[in-house]
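Here the structure is laid out as structure tokens; the discussion comes afterwards.
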Amino acid sequence: MIIATTDRLIIRPFVLSDIEGFHRYRSLPSVNRYLYSEALDLEACGVVVNRKITESSITTTSPVLSLAVIEAATEVLIGDVFLGWPRVEHSQAEIGYVFDPSSTGQGLATEAVRWLVGFAFDEVGAHRVFGRCDGRNEASVALMRRVGLRVEAHLLQNEFVKGEWTDEVVCAILDLEWYGVDSKCRHRSVDWLGRVDLSNP
Ligand SMILES: CC(C)(COP(=O)(O)OP(=O)(O)OC[C@H]1O[C@@H](n2cnc3c(N)ncnc32)[C@H](O)[C@@H]1OP(=O)(O)O)[C@@H](O)C(=O)NCCC(=O)NCCS
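Residue numbering for the sequence shown follows our numbering, beginning at 1 and increasing consecutively.
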């Protein structure tokens, strides 16, 4: 079971008692504005949280990790993060994150996503971590850039979401870049192809 702490957060698997807190922010239209999802009622939140409870670890046969983000000082659920491992043979991991607007603007989401990206490289063995968002979601792009991801692509009207054509921005960071930007990371050797040796922590 994954339970992590950062300076201000506890990041842990979902539990049934998270349904109410999850509903508090997932029921807001503003939170869902640039997501594929719509605002969820309490019953729908129960279904989603029950599914997320089962996504508490990540393996090649269970390639989705969903975790609850708790503010340590208040012990309140303030958001959730997601790590997908859709292309196992290519070691590509996808991040996702949704936070309660009452907790944003303090760097808490950035702190959670920074932990998530480190986890993807250190523990899952990702070679590349990427995130995708609606081209209008400036807060999401800014967050990924703060964590160290580069904007790799801005795809024009490549999706039809909620009745309109939407752009998609793809941001990513390679293991080599991550270990270069994170001064706290362990030294990894790099082979001639630029691959980081993950077998030698
Ligand atoms: C995307 C989302 C998580 C970004 O939230 P956010 O508040 O911008 O991110 P953070 O909580 O990390 O806060 C960053 C802000 O706090 C500031 N900040 C304060 N202290 C900070 C610290 N210690 N570290 C980093 N930033 C800090 C930053 O400067 C930034 O301020 P700014 O927006 O004025 O530039 C949020 O908008 C959200 O959940 N949206 C709805 C769901 C969604 O769209 N998810 C993404 C799908 S792709």
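Just so you know, even glycine gets a beta-carbon here, dropped at the ideal spot from N, CA and C.
Classification of residue i by the beta-carbon crowding that lies within 10 angstroms, buried from 16 upward
i: residue 149; result: buried
i: residue 50; result: exposed
i: residue 1; result: exposed
i: residue 123; result: exposed
i: residue 160; result: exposed
i: residue 165; result: exposed
i: residue 3; result: exposed
Option nearest residue i by Cα separation, candidates the options
i: residue 162; options: 32, 124, 53; result: 32
i: residue 9; options: 43, 64, 78, 26; result: 78
i: residue 74; options: 108, 64, 37; result: 108
i: residue 146; options: 125, 165, 117, 167; result: 117
i: residue 121; options: 54, 176, 28, 112; result: 176
i: residue 178; options: 155, 144, 167; result: 144
Three-state class that DSSP yields for residue i in the structure shown
i: residue 56; result: coil
i: residue 40; result: coil
i: residue 111; result: helix
i: residue 87; result: strand
i: residue 19; result: helix
i: residue 73; result: coil
i: residue 97; result: strand
Through-space distance from residue j to residue i, alpha-carbon basis
i: residue 69; j: residue 59; result: 21 Å
i: residue 157; j: residue 151; result: 17 Å
i: residue 46; j: residue 102; result: 21 Å
i: residue 21; j: residue 30; result: 16 Å
i: residue 131; j: residue 26; result: 20 Å
i: residue 13; j: residue 81; result: 10 Å
i: residue 95; j: residue 39; result: 21 Å
Bridge-paired residues (DSSP) for residue i
i: residue 157; result: BP columns for residue 157 are empty, so no partner.
i: residue 136; result: Answer is none; residue 136 lacks a bridge partner.
i: residue 165; result: 160
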